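**Student:** Mapped onto my numbering, the consecutive letters of the sequence shown carry residue numbers 14 to 118. First the structure, which I've put down as structure tokens, then a few questions once you've had a look.
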Amino acid sequence: ALLARVDNEVRRSVALLQSDEALAKAADEAVTVNERLLVGMRKRFSAGAITSFDVLRVADELTRAKIEAARARVSYRISLARLATADGTLLPQRNITASSLRSSK
């Protein structure tokens, strides 16, 4: 029963990690697209083709995309930690042993 629970938790953690990885990649791509768009909008503004409001709107979207990308990376790192916890590798990855925990008291 314990092994089945651990196996289930590892599988869920892997699935969540894969999902979070895809979200992080998509969020990073959105940042790249918005950065390119902002460059183009600034050129159009310099040429007098659009207003400063249009540039600010795109700059705002870029900021939102960067925030979402940061959130996605945090979720990905949390998923990595959950997987390491589920498969029992979190403490060894950090060189933490039971004896080191006892000696730190």
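Quick reminder that beta carbons are idealized off the backbone N, C-alpha and C, glycines included. Remember, it's a predicted structure, so these values are computed and weren't measured experimentally.
1) Excluding the five sequence neighbours on either side, which residues of its own chain have a C-beta within less than 6 Å of the C-beta of Ala82, listed in chain order?
2) Helix, strand or coil for Ile109, going by three-state DSSP, please let me know.
3) How long is the line joining the alpha carbons of Lys94 and Ser32, rounded to whole angstroms?
4) Would you say Arg84 faces chain B, with C-beta separation under 9 Å as the test?
5) If you follow the alpha helix (DSSP H) that Thr45 is part of, which residue opens it and which one closes it?
6) State the start and end residues of the unbroken alpha helix (DSSP H) segment that holds Ile91.
7) Under the rule that 16 or more other beta-carbon atoms within 10 Å means buried, what is Asn108, buried or exposed?
**Tutor:** On the basis of the data shown:
1) Ala40, Asp41, Val44
2) coil
3) In the sequence as displayed, the identity of residue 94 is Ala instead of Lys. The alpha-carbon atoms of Ala94 and Ser32 are separated by roughly 15 Å.
4) Structure shown: chain B not included; a single protein chain is present.
5) 15-59
6) 65-99
7) exposed
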